[in-house]
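Okay, so the sequence shown: first residue is 32 according to my numbering, each after it adds one. Cβ atoms here follow ideal geometry from the backbone N, Cα and C, with glycine treated the same way. Here the structure is a predicted model, which means the values were calculated and not measured.
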Amino acid sequence: MKKTFFLLCLAFTLSSCDELQQIANEAVLTNQSDSQISSGLKQALELGVERQVKELTAPGGFFQNEEVRILLPEELRKVETALRRVGLNNLADEGLIALNATAEDAVKEATPIFVNAIKNMSIQDAQKVLMGNENAATQFLERQTSEELYASFYPVVEDSFQKVGADEIWSNLISKYNNLPLTSNVTTDLSDYITQQAMQGVFIMIAKEEKEIRNNAQARTTDLLRRVFSLQD
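Rendered as structure tokens:
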């Protein structure tokens with residue numbers, strides 16, 4: 032009889048683990064002030080955005096980073112392949128570097144857009160993000176800022192093509208390709224493509240920063256970050 036009672040208790044306990052974990056999480060959150068949770072998360076996001084945007088906007092920030100380096104769109108990869116085949120490696124490399132340089136220029140517009148979204152984050156949003164998955168904060172920023180980022184990045188990309196000489200480089204590159212024997216002519220507008228790739232690169236690096244703060248206590252560089260992110264450990 033005792034054995035049966037013990038087994039029933041054990042079964043009930045195991046079946047209640049999820050509910051108990053949820054209650055525990057809520058209790059921990061309750062013990063911290065809502066404002067502290069919100070402030071800690073916002074601080075983490077602002078630090079992460081500042082650090083990653085700074086890295087991406089440095090010379091070579093995109094091209095030298097394999098995680099975000101912008102390659103040619105599919106329809107232009109045959110251009111690169113053909114040019115390298117006939118010994119024009121330097122021209123092909125110059126074209127890729129120029130594309131990535133335009134993204135570096137555009138991303139300089141990102142910080143105030145992100146900061147505004149972070150400042151407007153509600154306490155409820157902050158709690159959900161804190162206890163969410165390892166890129167919950169990045170997903171929040173992506174939802175809140177993508178439309179504004181695109182509108183901000185696109186004209187910068189167009190201007191940057193001219194400023195860094197990418198328009199001239201690509202005009203020359205495509206012209207040489209079109210003059211090669213047995214090739215069909217190509218034309219393309221790269222502004223939309225680079226804008227999308229620049230946005231993707233920013234979110235990739237912010238997600239990397241978020242993961243580091245969530246999983247590595249040493250990455251929490253302030254007392255507030257250490258207190259708040261200990262809740263999700």
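Alpha-carbon to alpha-carbon, residue j and residue i
i              : j                 : result
valine 187     : glutamate 125     : 20 Å
lysine 242     : arginine 108      : 33 Å
threonine 169  : threonine 112     : 35 Å
glycine 71     : arginine 116      : 53 Å
valine 146     : tyrosine 181      : 16 Å
isoleucine 21  : phenylalanine 93  : Since the displayed the chain opens at 32 and closes at 264, residue 21 lies outside it and no answer follows.
leucine 103    : alanine 137       : 18 Å
isoleucine 244 : alanine 134       : 26 Å
valine 259     : glutamine 193     : 46 Å
serine 66      : alanine 157       : 10 Å
valine 160     : phenylalanine 184 : 26 Å
glutamate 105  : leucine 130       : 14 Å
glutamate 81   : threonine 142     : 7 Å
glutamine 249  : alanine 75        : 13 Å
alanine 89     : leucine 172       : 22 Å
glutamine 231  : leucine 127       : 17 Å
isoleucine 235 : glutamate 97      : 11 Å
isoleucine 23  : threonine 252     : Within the shown structure, residues of the chain are numbered from 32 to 264, placing residue 23 beyond reach of any answer.
lysine 139     : valine 84         : 7 Å
tyrosine 224   : lysine 73         : 31 Å
leucine 221    : alanine 132       : 13 Å
asparagine 164 : valine 99         : 22 Å
valine 233     : isoleucine 154    : 25 Å
Where residue i sits in the DSSP three-state scheme
i                : result
glycine 163      : coil
arginine 100     : coil
phenylalanine 36 : Caution applies to phenylalanine 36, whose pLDDT of 33 falls short of 50 and renders its modelled position unreliable; the model cannot decide the point.
leucine 221      : coil
phenylalanine 94 : coil
threonine 252    : coil
serine 66        : helix
serine 191       : helix
alanine 134      : helix
asparagine 247   : coil
serine 153       : coil
alanine 168      : helix
glutamate 178    : helix
glutamate 140    : coil
alanine 129      : helix
alanine 89       : coil
Exposure of residue i, with buried meaning 16 or more beta-carbon neighbours within 10 Å
i              : result
threonine 226  : buried
serine 261     : exposed
glutamate 240  : buried
arginine 257   : exposed
serine 177     : exposed
asparagine 246 : exposed
alanine 148    : buried
alanine 229    : buried
glutamine 150  : The amino acid occupying residue 150 in the given sequence is lysine; glutamine does not appear at that position. It is exposed - the Cβ of lysine 150 has fewer than 16 other Cβ atoms within 10 Å.
glutamate 189  : buried
asparagine 166 : buried
aspartate 254  : exposed
glycine 79     : buried
serine 69      : buried
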